[in-house]
Amino acid sequence: ALKSVLTSKVQEEKLIVLDELKFGEIKTKNMQNVLNNLKVEKALVVMNDNDQNVVMSAKNMPNVQTASTSTINVYDVLKYTTLILTKDAVASIEEAYA
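Going left to right, the sequence shown walks through residues 1370 to 1467 as the numbering used here numbers them.
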């Protein structure tokens, strides 16, 4: 089911892959700037190694949730309009569902 949902996000062009996502400090403004630059309002951000600065920066945002590749589920992928993945996360997901 997860593979099917991920495929539909790709087809809808609602999946964005970033080289990496790291913040030097915990600031909600940093996460908001990333979303503004990507023109995204409601997103699930999936990373392989959860950078605590990114997780904490997104924590106060009602339309953003962070997850690691091992904790993503169909419900969360469907709940959020856009799926933002790091390259490492894509590699892990491909490995798990290939």
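For each residue, glycine too, the CB sits at the ideal point set by N, CA and C.
Quiz item: From which residue to which residue does the alpha helix (DSSP H) around Ala1465 run?
Solution: Lys1456 to Tyr1466
Quiz item: Going by Cα to Cα distance, which pick from Ile1453, Met1425, Glu1463 and Glu1381 is closest to Glu1536?
Solution: This structure leaves residue 1536 out entirely; the chain is present only between 1370 and 1467.
Quiz item: What residue from Ala1458, Ala1412 and Asp1388 has the CA that sits closest to Lys1428's CA?
Solution: Ala1412
Exercise. Given a cut-off of 9 Å, decide if Leu1387 and Leu1375 are closer than it, judged by their beta-carbon atoms.
Key: no
Quiz prompt | Ala1460 burial status per 10 Å Cβ neighbour count (16 or more: buried) | solution = exposed
Quiz item: Exposed or buried, what is Tyr1449 when buried is set at 16 or more other beta-carbons lying within 10 Å of its beta-carbon?
Solution: buried
Quiz item: Taking the Cβ atom as the reference point for each residue, do Leu1371 and Val1446 lie within a distance shorter than 9 Å?
Solution: yes
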